[in-house]
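*Asks:* Questions regarding the structure given below will be posed in turn.
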Amino acid sequence: MSDRTIPADGIGMHLYTMRGPLAEDYPGTLKRLAEIGYRTVGVSGRFGHSAAEIRSFADDAGLKIVLEHVGYNRLTEDWDGALADVRTLGGQWIVVPSLPTELRTVEGFREAAAAFTLAGKAAREAGLQLLFHNHGHDFAEVDGQVLFEILLDEVEPDLLGFELDLYWVVNGGKDPADYFRDHPGRFPALHVKDMAADGSWEDVGAGRLDFRAMFAPAEQGGVEQWLVEHDAPTDPWVSARTSYRSLADLRY
1 MSDRTIPADG IGMHLYTMRG PLAEDYPGTL KRLAEIGYRT VGVSGRFGHS AAEIRSFADD
61 AGLKIVLEHV GYNRLTEDWD GALADVRTLG GQWIVVPSLP TELRTVEGFR EAAAAFTLAG
121 KAAREAGLQL LFHNHGHDFA EVDGQVLFEI LLDEVEPDLL GFELDLYWVV NGGKDPADYF
181 RDHPGRFPAL HVKDMAADGS WEDVGAGRLD FRAMFAPAEQ GGVEQWLVEH DAPTDPWVSA
241 RTSYRSLADL RY
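Written out as structure tokens, the structure is:
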């Protein structure tokens, strides 16, 4: 183990974790996250607020918005508007969080690769980068091909990066560190969530995932943002505090 630490401005919160508090008090929630120590956030759901309003809330809290999740349908439904909103938020990445169920085939992923190529060009022209966020099923092997790797192989690196969800990579039977080493620079953002002994979600540092080993080649993978996520926390504030402290204290 070395003495490397995650940069303070690289520890963020993916706001899906905080959807309960956000629905009640969006600006207050962002301020509390900043008080815990978070420097950045990824937006997932606006709860009736405009992009400009959320940018203002984040600015007031002293938080930097780095990305927003948008549905795959937006690739063909006002993609320019989606890009404009992320620019308004101040983000640098626009993230498609999943593919429609009907595309979870070899041909479906190839169709998505073609769509991501076009969308990635438009994102680049807007000064942004398109990312794809994985789930466990994306690592299924179909007809001798790992579906996720079709996107890695068929879309140019400057047109598509990845927000690698570490829990779901392990759930899918793969090792994130292997992807960092084998595909340098493709993974600017991570979703960091832990896995309990029974395979369920857990606060970062309270589960069984070996983040030290995963992060050893993170620089090679191009990681800039470590975004905490818990899909169903019992208490989102306990989860936020526990997970932040685990990442801030981590040496790898």
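Quick note on numbering: full-length UniProt numbering labels position 169 of the sequence shown as 169, and the sequence is numbered without any gaps. We put the beta carbon where it would ideally sit given N, CA and C, even for glycine.
#1: What beta strand (DSSP E) runs, 3 residues minimum, are completely inside the region 63-106?
#2: Does the region 175-183 come into contact with the region 129-146, if we say contact requires no fewer than three beta-carbon pairs (one atom in each stretch) closer than 8 angstroms?
#3: Report the CB separation of residue 228 from residue 170 in whole angstroms; it is logged as a contact under 8 angstroms.
#4: Determine the burial state of residue 203: buried for a count of at least 16 other Cβ atoms within 10 Å of its Cβ, exposed for fewer.
#5: Exposed or buried, which one is residue 100 when buried takes at least 16 other CB atoms within 10 Å?
#6: If we ignore side chains and look at the alpha-carbon of each, how far apart do residue 134 and residue 108 end up?
#7: Please name the residue, chosen from 159, 244, 81, 105, that lies closest to residue 187 on a Cα-to-Cα basis.
#8: Between 106, 194, 13, 240, which has its C-alpha nearest residue 257's C-alpha?
#9: Taking Cβ to Cβ, would you say residue 32 is nearer than 8 angstroms to residue 63?
#10: Assess contact between the region 116-136 and the region 71-87, defined as three or more Cβ pairs (one per stretch) separated by less than 8 angstroms. Is contact present?
#11: What did DSSP end up calling residue 191 once you bin it into helix, strand or coil?
*Replies:* Short version:
#1: Within the region 63-106, the complete beta strand (DSSP E) segments at least 3 residues long are 64-69, 93-96, listed from N- to C-terminus.
#2: The region 175-183 vs the region 129-146: no contact.
#3: With 8 angstroms as the limit, residue 228 and residue 170 do not qualify as a contact, their Cβ atoms being about 16 angstroms apart.
#4: It is buried - the Cβ of residue 203 has at least 16 other Cβ atoms within 10 Å.
#5: So residue 100 ends up on the exposed side.
#6: Taking the straight line from one Cα to the other gives about 15 angstroms.
#7: The option with the nearest alpha carbon to residue 187 is 159.
#8: Summary: the structure shown does not reach residue 257, with the chain confined to residues 1 through 252, and so no result is reported for it.
#9: No, Cβ-Cβ distance for residue 32 and residue 63 is not below 8 angstroms.
#10: With a cut-off of 8 angstroms, the region 71-87 and the region 116-136 count as touching, because enough Cβ pairs lie within range.
#11: Strand at residue 191.
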